[in-house]
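Residue numbers (the numbering used here): 105 to 476.
Right, dumping it as structure tokens:
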């Protein structure tokens, strides 16, 4: 069954002006840009097929999306409004490194209702270890200026921080820094073995205990209400939900659709975009400029990914006590860490689900005992 598209991930450009040591994208040095015509073709085909969910998230991501230019986004937004039915309420989200953000961008985001995410790993002496330009210039000061600019325009922003082995020793410093820049929430990604990034500082035995220690301390610090954590909030909602099984969009055919700058389409995990693998080639289902949505979902790659992902989900269900709050993990992490999508536990699982669930359950139990 093909599900409606809940998240459309669009890559307006493959280019990024940073050279972060843990980045998974292979072509971030290439200045390749999506055209307005390609973007509109995507929206037109989705709307005519009725596969677009009425509350679909349009996520501008992969590369540094601001380098596509304001004129590109203005044209897309103007044209999209003309073809979108009145009962559709699309959400636009954009993840940026913030280095080229200015007043004009902020005004555009505010006027168009974009939700902005900044990528920043914490205090300067931590952030600048991994997030530098190709000429080896630090980037922390530019991102802090971006946060100040967003606040000046009364634009709420979230933060994504990548945790490395160095980060796990700096929980107090990280918390203090984020409490000073006032994001709506902080989301933690981990340094992953994925795509172009072949090694991780977190690839060692015992790392789950270190994840737990970091998260436990962060949750204690967060009791002051200064910083909200995406992982804690999401897991708490999942645990307290009446649903017996979580919906993991990464394992649901059609839920996440990813379109590269040149119209190449993939799905399930955005991290597949731009990669190559002996079993799946370039992960492409086809190209939006030449293929119908039906033919994309009938493609050999789509069908093989569906089958292998389903097998991997079943393996997780049979083997893992956390399955009910996870739904089968992330296909890209299984493939790039374990060599097969049909496998189970990954470092991503240990952090994103297992360690987070342990801490959130402990906190729920404590709060219930306090009431009694």
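Beta carbons are placed, not taken as given, at the ideal position from N, Cα and C, and that holds for glycine.
Annotated three-state conformation of residue 353 is helix, per DSSP. A distance below 8 Å separates the beta carbons of residue 399 and residue 390. Around the beta carbon of residue 245, fewer than 16 other beta carbons sit within 10 angstroms, so the residue counts as exposed.
In this structure, the alpha-carbon of residue 339 lies about 6 Å from that of residue 461.
In the three-state reduction of the DSSP assignment, residue 264 falls in the strand class, which pools E and B. Taking C-beta separations shorter than 6 Å and ignoring five residues to either side along the sequence, the partners of residue 238 in its chain run 123, following chain order. Close CB contacts of residue 106 within its chain, under the 6 Å cut and outside five residues either way in sequence, are with 357, 358 and 401 (chain order). Listed in chain order, the alpha helix (DSSP H) elements of length 4 or more contained wholly in the segment 264-294 are 275-285.
If you ignore the 5 residues before and after residue 319, its C-beta comes within less than 7 Å of the C-beta of 459, 460 and 463, all in its own chain and listed in chain order. Residue environment analysis places residue 434 among the buried positions, since at least 16 neighbouring C-beta atoms fall within 10 angstroms of its C-beta. Under a 10 Å Cβ-count criterion, residue 412 is classified as buried, with 16 or more other Cβ atoms of the shown protein chains found around its own Cβ. Between residue 370 and residue 313, the alpha-carbon positions lie close to 35 Å from each other. Taking a C-beta distance under 8 Å as the contact criterion, residue 448 and residue 441 do not qualify as a contact pair. Closest in C-alpha terms to residue 223, from the list 404, 116 and 167, comes 167. Residue pairing of residue 137 in beta bridges, as defined by DSSP: 117. In this structure residue 188 touches residue 151 by the C-beta definition: roughly 7 Å separates them, less than 8 Å. Beta bridge pairing from DSSP links residue 365 with no other residue.
Counted as a single uninterrupted DSSP element, the beta strand (DSSP E) harbouring residue 198 occupies residues 195-200. Annotation: the continuous alpha helix (DSSP H) that includes residue 180 extends over 174-187.
By the criterion of a C-beta distance shorter than 6 Å, residue 267 is surrounded in its chain by 292 and 294, once the five residues flanking it on both sides are discounted. With 16 or more neighbouring CB atoms inside 10 Å of its own CB, residue 235 falls in the buried class. Residue nearest to residue 346 within the set 429, 368 and 290 is 429 (criterion: CA-CA distance). For residue 160, the uninterrupted beta strand (DSSP E) run begins and ends at 156-164, by DSSP. CA-CA distance, residue 257 to residue 283, rounds to 19 Å. The beta-bridge partner set that DSSP reports for residue 224 is empty.
Boundaries of the alpha helix (DSSP H) around residue 342: 334-344.
Proximity of the segment 362-377 to the segment 110-128 meets the contact definition, three or more beta-carbon pairs being nearer than 8 Å.
Here the C-alpha atom of residue 439 lies approximately 26 Å from the C-alpha atom of residue 225. Excluding residues up to 5 positions away in sequence, 113 and 199 lie with their Cβ nearer than 6 Å to the Cβ of residue 165 in the same chain. Where residue 446 is concerned, there is no enclosing alpha helix (DSSP H), because DSSP gives it neither an H nor an E. Within a 10 Å sphere around the beta-carbon of residue 157 sit 16 or more other beta-carbons, which makes this residue buried.
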